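S.K.:
In the working numbering, the protein residues as written are 27 to 136.
Below, the structure is given as structure tokens:
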């Protein structure tokens, strides 16, 4: 239902991971939506309205009921991924130029 509704909204991407450590109790998930700039936050708000239209009033009610029955809490955070502070596989580096970080020039010796 959820994924089907988003199929009608262009350029929506997310990745979901089950958390293995750090949660207080129960099962927890982290959902990441990659953004290239803060201006894409505004675009996500527009896409949210498109999602609601795709779901329809009855679908949104059902989603709300399912969320209330299955989620203890939710929060939204904004993170920046820095390739210089990340350890990713060679496969990721080969697949996305974002992870290719040029070496810092050496400081001149004095």
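No residue lacks a Cβ here, since even glycine has one placed at the ideal position from N, Cα and C.
Here the structure is a predicted model, which means the values were calculated and not measured.
According to DSSP, simplified to helix, strand and coil, what is residue 64?
M.R.: As a position in the chain shown, residue 64 is number 38, starting the count at 1. Residue 64: coil per DSSP, three-state reduction.
S.K.: Alpha helix (DSSP H) containing residue 119: first to last residue?
M.R.: Your numbering for residue 119 matches position 93 in the chain shown. First-last of the alpha helix (DSSP H) with residue 119: 116–121.
S.K.: Using a 10 Å radius around the Cβ and a threshold of 16 neighbouring Cβ atoms, would you call residue 140 buried or exposed?
M.R.: This structure gives no information on residue 140, because the portion of the chain shown stretches from 27 to 136.
S.K.: Taking the straight line between their C-alpha atoms, what separation do you get for residue 68 and residue 117?
M.R.: Sequence index remark: in the chain shown, residue 68 carries index 42 (1-based). Sequence index remark: in the chain shown, residue 117 carries index 91 (1-based). Near 32 angstroms, if we compare the C-alpha coordinates of residue 117 and residue 68.
S.K.: Alpha carbon to alpha carbon, what distance is there between residue 81 and residue 154?
M.R.: Because the chain spans 27 through 136 in this model, residue 154 falls outside it and cannot be assessed.
S.K.: If we call anything under 8 angstroms between Cβ atoms a contact, is residue 124 one with residue 109?
M.R.: Residue mapping note: residue 124 aligns to position 98 of the chain shown, counting from 1. Residue mapping note: residue 109 aligns to position 83 of the chain shown, counting from 1. Contact flag set, yes.
S.K.: Is there contact between the region 33–40 and the region 72–89, where contact requires at least three CB pairs shorter than 8 angstroms?
M.R.: yes
S.K.: Cα-Cα, which of 42, 54, 50 and 127 is closest to residue 60?
M.R.: Here residue 60 corresponds to residue number 34 of the chain shown, with the count starting at 1. That would be 42, whose Cα lies nearest to the Cα of residue 60.
S.K.: In angstroms, rounded to a whole number, what distance separates the CA positions of residue 86 and residue 103?
M.R.: Position 60 of the chain shown, counted from the first residue, corresponds to residue 86. Position 77 of the chain shown, counted from the first residue, corresponds to residue 103. Their Cα atoms are separated by approximately 23 angstroms.
S.K.: What does the alpha-carbon distance come out to for the pair residue 94 and residue 55?
M.R.: Locating residue 94 in the chain shown gives position 68, counting from the first residue. Locating residue 55 in the chain shown gives position 29, counting from the first residue. For residue 94 and residue 55, the distance between alpha carbons rounds to 16 angstroms.
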